[in-house]
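Student: Sequences listed follow chains Z and L, in order.
First residue of the first sequence? That's 2 in the working numbering, and the numbers climb one at a time after it.
First residue of the second sequence? That's 15 in the working numbering, and the numbers climb one at a time after it.
Here it is, the structure, as structure tokens.
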Amino acid sequence: MHFLKSLGLAVTAAAGLSLAAMPAHAEWPDGPITMLIGYKAGGGTDTKGRVLAKQLGQELGVPVKVINKPGGGQAAALNWFKELPADGKVFFFGASTGITLNPHLKKNIGYSKDDYEYCCLVTEFQPAMVAPADAPFDDWAGFIAHSKANPGVKYAALSPFARIIMELIAKKEGLDVNYIPTKGGAGMVQLVLGKQVMAAYSGGIHSRYPGKFKTLAVITSARQAHFPNAPTLEELNYGLNGDAPTVVAFPKGIDPAIVAKLAAAMKVAAASKDMANISKKIMMPVNYADTEAAKKFIDGTTASFGKMIKDSGYVAK
Amino acid sequence: MMEELAAGFGAALTIYNIAFIFMGVAIGYLVGALPGLGKGTATAVAIPITFYIEPLAAIAFLIGISKGSTAGSAVSAILMNTPGEPSSAPTALAGYPLARAGKAQKALKMGLYASVIGDFVSTCVLILSAQTLADYALGIGPIELVAILAFSLTFIAALSGNSMVKGLIAGLFGILCSTVGTEIETSTERFTFGSFDLYEGLPLIPVAIGMLALSEMMIQIGDRRRLEEQTDLLRGSGKPEDAVVTLADWKRSAKSIIRGTGIGIFVGILPGLGASTGSFLSYGMARRAAEDPEAFERDGAIEGVAAAESADNAVVPASFVPLFALGIPGSVIAAILIGAFIIQGVTPGPLMFIEQAELMQGIYASMLAASLILLFIGYFGQNMFARIIKLSPSLVLSTVVFLCCLGSYLQGGGMFGLYIMVLFGVIGFFARKYEFSFVTFLIGFVVGDGFELALRQSIGLLKGTPEAILDHPVALVFWALTVLGVIAILRRKKAKATTEPAPAAAE
């Protein structure tokens, strides 16, 4: 026991020394910190998180561990996370839709956006409305015309949100859409390449299949670098977007100094070469936004998703 | 193509890479042979290690693990009636009775040879025709998938054991368990009881470990005298022909291996079916083709072991067909590998062959090398594992229970996985005691999820035009096979009822 204590002291002292060598900062982090990911190991967010954690570790001078707590579209992780002490030992990295969208879809989800403090936004997803390469239309207007002429047009929806957004469009345009459910991006690709459907919601995976997809419109609020000619749904006057950057968050009550320090380290880590490489591979561009912008984004998007869900007539379950 | 492959061999077969392939296959074989641990656990644990090695070595290492563990899972299935992975459950059905008859060595060897043949042929098919097959697989949409899955479900009857009703009950219970979690279309929660852990459904690995391994351990621990008797039997008959695969055995098994390899490849290239479906189908068809199907589980059958193992291993390389050509994972292992590929800077999909042509040839060469290394490691590894049966049962059983806990913890999201394992261990214990087939439960559980999704998709796709199913010849063929299968089952049942003396009405 004594040995352990003195070992602990030695480690703390060593950590202290290495910190002392750096310019004056708050004492956080005084030991390894943990990045919480609400998905299984191996997915896009996880892969990105791990690269980010490695960069962050170099920046902060302490190891950054990654733990995965999958379940309920990040709900398991977010519920566990909100009960943690606000000491900066664990921070959350994940799709902001877990916070801005999912509480609207599930009645008993157990958390809301007000349970967390937001640190920064790191990367963006690139969702879009897509069609198979041999579809008899080339752009959004063509898709609408085709759907009007062919009621019951088949559309692959990989999530309730993918369905809701098309329902809102269909309502406005007076379309009769046949919604085909599917599981994840891989399931969507299978349906489109297998010529089972005429249109689909893609989370961004379609850009890995050059020549196989037509990108009809993008679901982000700004146009996407990969598809400069595809209009946004806002430009098309639907007033819809599905912006879903990855967000970094802490439990409520965290010391603002810690938030500021992590945000600064994230900014450097996000700009690293490794992150640029991986972003290119998995087509999720880095787009760092600071603490103020992150807070504003979470508040604004939570409200706009709430309105969308209400307009669509979806009943939270 | 061949020149590129030859160049790939040059790049792949450095001492450094061979060492990693060797290590991968050895680790895989070991975890596969240990009940409770499987390729999912091993690959997931190994991925972080691969951060620090070269891309080709890293990917070859992971593929080595998956090939090794798929073959290794036959060992515990045959020796301990405890499949290392769900896909080896049929191996236990036909292999454990052989071991009890003193033919453990023979069954183990046949399992290995069938695995290596299935694996090797499937790897060659992958190399020669990944793109063609992938395009073909895309033509197999939800409507075809429903028919294929319905056809696999008819094997529930064949694998039910003595009572078809009990087999159906177990199979339907499996389907019921597969519905737990968030429903895909409207995200309605089903049987989650407010627990977020259940949102993604019951985790396969803990359920399988509980049903297959833990329940068997509970039975064995509960009956020590029988266990010691059996341990004596397992030590072998001493007859030399029971320890080797004879020419007669090859003759009996050849058809099963060919059929199994074909089924494994077919199932592997279709995303959404999985290794278990492959081995169940192959076993079921071998059994149906046999003269005396009941003898499979009663006396054991070498061709049953060969059928299950060849299909099980053929699925693995074939499931890389949609992964490499389309970026769509065809199996759990392929899904785990996607993450590893991305970390190594390779995005699975059509671009891979253009951007990383050299690496791809290297991967192919490594896969072929892994097949041969598997034969070598399996052959010598078996001798080591076969010694387990010489150990005291109390030592073996407690170790296995520990490993079961470890595997469930790692693959089931912590303590939650353990609770699920214990729950299904208890269910499995009573299922075995009352002779409800745990194999049909697993078929239902494994197939249920995909069946539901494919069925819903098909209903959507055929909306308003049911006659459009006539445009799907593959689906029609499988529906016809399903109907024929059901008729055959009913006929056999009727025949059995008339040949067996009717029990006296008033006794």
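We treat Cβ as the ideally placed atom computed from N, Cα and C, and that holds for glycine.
With H, G and I counted as helix, E and B as strand and the rest as coil, what does DSSP make of residue 7 of chain Z?
Tutor: Taking the first residue of the first sequence as 1, we reach residue 7 of chain Z at position 6. Because the pLDDT at residue 7 of chain Z is just 44, under 50, the model does not fix this residue reliably, and the point stays unresolved.
Student: Count the other C-beta atoms from every protein chain shown that fall within 10 angstroms of the C-beta of residue 450 of chain L, then say buried if there are 16 or more, exposed otherwise.
Tutor: The sequence position of residue 450 of chain L within the second sequence is 436, counting from 1. Answer is buried; the Cβ neighbour count reaches 16.
Student: Where does residue 93 of chain L sit, in a helix, a strand or coil, going by DSSP?
Tutor: The residue labelled residue 93 of chain L in the question sits at position 79 within the second sequence. Helix.
Student: Quick one: what's got a C-beta closer than 8 Å to residue 185 of chain Z's C-beta in the same chain, skipping five residues either side?
Tutor: The residue given as residue 185 of chain Z occupies position 184 in the first sequence. Once the five neighbours on either side are set aside, the close Cβ partners of residue 185 of chain Z are 159.
Student: Return no unless some Cβ of chain Z is closer than 9 Å to the Cβ of residue 361 of chain L.
Tutor: Here residue 361 of chain L corresponds to residue number 347 of the second sequence, with the count starting at 1. Judged by the 9 Å Cβ criterion, residue 361 of chain L is in contact with chain Z.
Student: Are the C-beta atoms of residue 75 of chain L and some chain Z residue less than 9 Å apart?
Tutor: Reading the second sequence from its first residue, position 61 is the one you call residue 75 of chain L. So, not an interface residue.
Student: Which chain L residues are close to residue 106 of chain Z, counting only those with a beta carbon under 9 Å from its beta carbon?
Tutor: Here residue 106 of chain Z is taken as the residue at index 105 of the first sequence, counted from 1. Neighbours of residue 106 of chain Z on chain L, chain order: 201.
Student: Could you tell me the distance, in whole angstroms, from the CA atom of residue 323 of chain L to the CA atom of residue 170 of chain L?
Tutor: As a working note, residue 323 of chain L is residue 309 in the second sequence. As a working note, residue 170 of chain L is residue 156 in the second sequence. Each residue's alpha carbon lies about 19 Å from the other.
Student: Please go through the same chain and pick out, in chain order, the residues whose beta-carbon is closer than 6 Å to the beta-carbon of residue 148 of chain L, but skip the five residues on each side of it.
Tutor: Mapped onto the second sequence, residue 148 of chain L falls at position 134. Excluding residues within five positions, the ones whose Cβ falls inside 6 Å are 335, 336, 339 and 340.
Student: Roughly how far, in whole angstroms, is the beta-carbon of residue 39 of chain L from the beta-carbon of residue 81 of chain L, given that I think they are within contact range, below 8 Å?
Tutor: Along the second sequence, one-based indexing puts residue 39 of chain L at 25. Along the second sequence, one-based indexing puts residue 81 of chain L at 67. Indeed, because the Cβ distance is near 6 Å, the residues count as touching under 8 Å.
Student: For residue 23 of chain Z, does the count of other Cβ atoms within 10 angstroms reach 16, so buried, or fall short, so exposed?
Tutor: The count along the first sequence starts at 1 and reaches residue 23 of chain Z at position 22. Note on residue 23 of chain Z: pLDDT 42, under 50, position unreliable in the model; no value is reported.
Student: With DSSP as the reference, identify every bridge partner of residue 204 of chain L, one or two as the case may be.
Tutor: As a first step, residue 204 of chain L must be located in the second sequence, where it is residue number 190. According to DSSP, residue 204 of chain L bridges with L:195.
Student: Identify, in the order they occur along the chain, each residue of the same chain with its Cβ nearer than 6 Å to the Cβ of residue 465 of chain L, setting aside the five sequence neighbours on each side.
Tutor: Here the question's residue 465 of chain L lines up with position 451 in the second sequence. So the list reads 163, once near-sequence residues are dropped.
Student: Sorted by chain position, which residues of the same chain lie with C-beta nearer than 7 Å to residue 410 of chain L's C-beta, five sequence neighbours on each side aside?
Tutor: The count along the second sequence starts at 1 and reaches residue 410 of chain L at position 396. The residues are 402.
Student: Given that residue 471 of chain L touches chain Z, what residues does it touch there, using C-beta distances under 8 Å?
Tutor: As a first step, residue 471 of chain L is located in the second sequence; it is residue number 457 there, counting from the start. Per Cβ cutoff of 8 Å: 181, 182, 183, 192 and 197.
Student: Compare the beta carbon distance of residue 52 of chain L and residue 288 of chain L with 9 Å and say whether it is the shorter of the two.
Tutor: Counted from its first residue, the second sequence places residue 52 of chain L at position 38. Counted from its first residue, the second sequence places residue 288 of chain L at position 274. No, the pair does not count as a contact, with Cβ atoms beyond the cut-off.
Student: Strictly below 8 Å CB to CB, what residues from chain Z border residue 170 of chain L?
Tutor: Stepping through the second sequence from its first residue, residue 170 of chain L is reached at position 156. Neighbours of residue 170 of chain L on chain Z: none; closest Cβ ~24 Å, over 8 Å.
Student: Is there at least one Cβ from chain L nearer than 9 Å to residue 100 of chain Z's Cβ?
Tutor: Indexing the first sequence from 1 puts residue 100 of chain Z at position 99. Residue 100 of chain Z does not count as touching chain L.
Student: Give the secondary structure of residue 64 of chain Z by DSSP, where H, G and I count as helix, E and B as strand, and everything else as coil.
Tutor: The residue given as residue 64 of chain Z occupies position 63 in the first sequence. Coil at residue 64 of chain Z, not helix or strand.
Student: Using CA coordinates, which residue listed in Z:251, Z:66 and Z:225 is at the minimum distance from residue 286 of chain Z?
Tutor: The residue labelled residue 286 of chain Z in the question sits at position 285 within the first sequence. Of the listed residues, the one whose Cα sits closest to residue 286 of chain Z is Z:225.
Student: May I have the straight-line CA-CA distance separating residue 131 of chain Z from residue 321 of chain L, to the nearest angstrom?
Tutor: Along the first sequence, read from residue 1 onward, the residue named residue 131 of chain Z stands at position 130. Along the second sequence, read from residue 1 onward, the residue named residue 321 of chain L stands at position 307. Distance between the alpha carbons of residue 131 of chain Z and residue 321 of chain L is about 43 Å.
Student: With a threshold of 8 Å (Cβ to nearest heavy atom), would residue 56 of chain Z be considered close to the ligand COA?
Tutor: For the ligand COA, the structure offers nothing, since it holds no ligand at all.
Student: Do residue 284 of chain Z and residue 212 of chain Z have their beta-carbon atoms positioned less than 9 Å apart in this structure?
Tutor: Here residue 212 of chain Z corresponds to residue number 211 of the first sequence, with the count starting at 1. Here residue 284 of chain Z corresponds to residue number 283 of the first sequence, with the count starting at 1. The answer is no: Cβ separation not under 9 Å.
Student: Is there contact between the region 468 to 476 of chain L and the region 206 to 215 of chain L, where contact requires at least three CB pairs shorter than 8 Å?
Tutor: In short, these stretches do not touch, since the Cβ pair count stays below three.
Student: Name the chain Z residues that come within less than 9 Å of residue 437 of chain L, Cβ to Cβ?
Tutor: Stepping through the second sequence from its first residue, residue 437 of chain L is reached at position 423. Correct list: empty, because the minimum Cβ distance to chain Z is about 17 Å.
Student: Which of the residues in the region 331 to 354 of chain L, read from start to end, lie with their CB under 9 Å from any CB of chain Z?
Tutor: Within the region 331 to 354 of chain L, the qualifying residues are 336, 340, 341, 342, 343, 349, 350, 351, 352, 353 and 354.
Student: Kindly indicate if chain C contains any beta-carbon less than 9 Å away from that of residue 279 of chain Z.
Tutor: Absent from the structure: chain C. Protein chains present are Z and L.
Student: Alpha carbon to alpha carbon, how far is residue 42 of chain L from residue 380 of chain L? Give it in angstroms, no decimals.
Tutor: Position 366 of the second sequence, counting from 1, holds the residue named residue 380 of chain L. Position 28 of the second sequence, counting from 1, holds the residue named residue 42 of chain L. Each residue's alpha carbon lies about 15 Å from the other.
Student: From the DSSP output, read off the bridge partner residues of residue 95 of chain Z.
Tutor: Within the first sequence, the letter at position 94 stands for residue 95 of chain Z. DSSP lists Z:248 as partners of residue 95 of chain Z.
Student: What is the rounded straight-line gap between the Cα of residue 183 of chain L and the Cα of residue 142 of chain Z?
Tutor: Within the second sequence, residue 183 of chain L is the residue found at index 169, counting from 1. Within the first sequence, residue 142 of chain Z is the residue found at index 141, counting from 1. The alpha-carbon atoms of residue 183 of chain L and residue 142 of chain Z are separated by roughly 53 Å.
Student: Can you tell me which residues form a DSSP beta bridge with residue 133 of chain Z?
Tutor: The count along the first sequence starts at 1 and reaches residue 133 of chain Z at position 132. Answer is Z:214.
Student: Alpha carbon to alpha carbon, how far is residue 120 of chain Z from residue 29 of chain Z?
Tutor: Position 119 of the first sequence, counted from the start, is the residue given in the question as residue 120 of chain Z. Position 28 of the first sequence, counted from the start, is the residue given in the question as residue 29 of chain Z. One C-alpha to the other measures close to 15 Å.
Student: Measuring straight from C-alpha to C-alpha, what distance separates residue 460 of chain L and residue 358 of chain L?
Tutor: The sequence position of residue 460 of chain L within the second sequence is 446, counting from 1. The sequence position of residue 358 of chain L within the second sequence is 344, counting from 1. Each residue's Cα considered, the two are about 31 Å apart.
Student: So, is the C-beta of residue 206 of chain Z closer than 9 Å to a C-beta in chain L?
Tutor: The sequence position of residue 206 of chain Z within the first sequence is 205, counting from 1. Yes, residue 206 of chain Z counts as interfacial toward chain L.
Student: Compute the Euclidean distance between the alpha carbons of residue 26 of chain Z and residue 90 of chain Z, then round it to the nearest angstrom.
Tutor: Numbered from its first residue, the first sequence carries residue 26 of chain Z at position 25. Numbered from its first residue, the first sequence carries residue 90 of chain Z at position 89. At residue 26 of chain Z the pLDDT is 44, less than 50, meaning the model places this residue with poor confidence; the figure from the coordinates comes in the next sentence. If I take the Cα positions, the gap works out to 17 Å.
Student: Please state if the CB of residue 353 of chain L and the CB of residue 283 of chain L are separated by a distance shorter than 9 Å.
Tutor: By 1-based counting over the second sequence, the position of residue 283 of chain L is 269. By 1-based counting over the second sequence, the position of residue 353 of chain L is 339. No, these two residues do not count as a Cβ contact at 9 Å.
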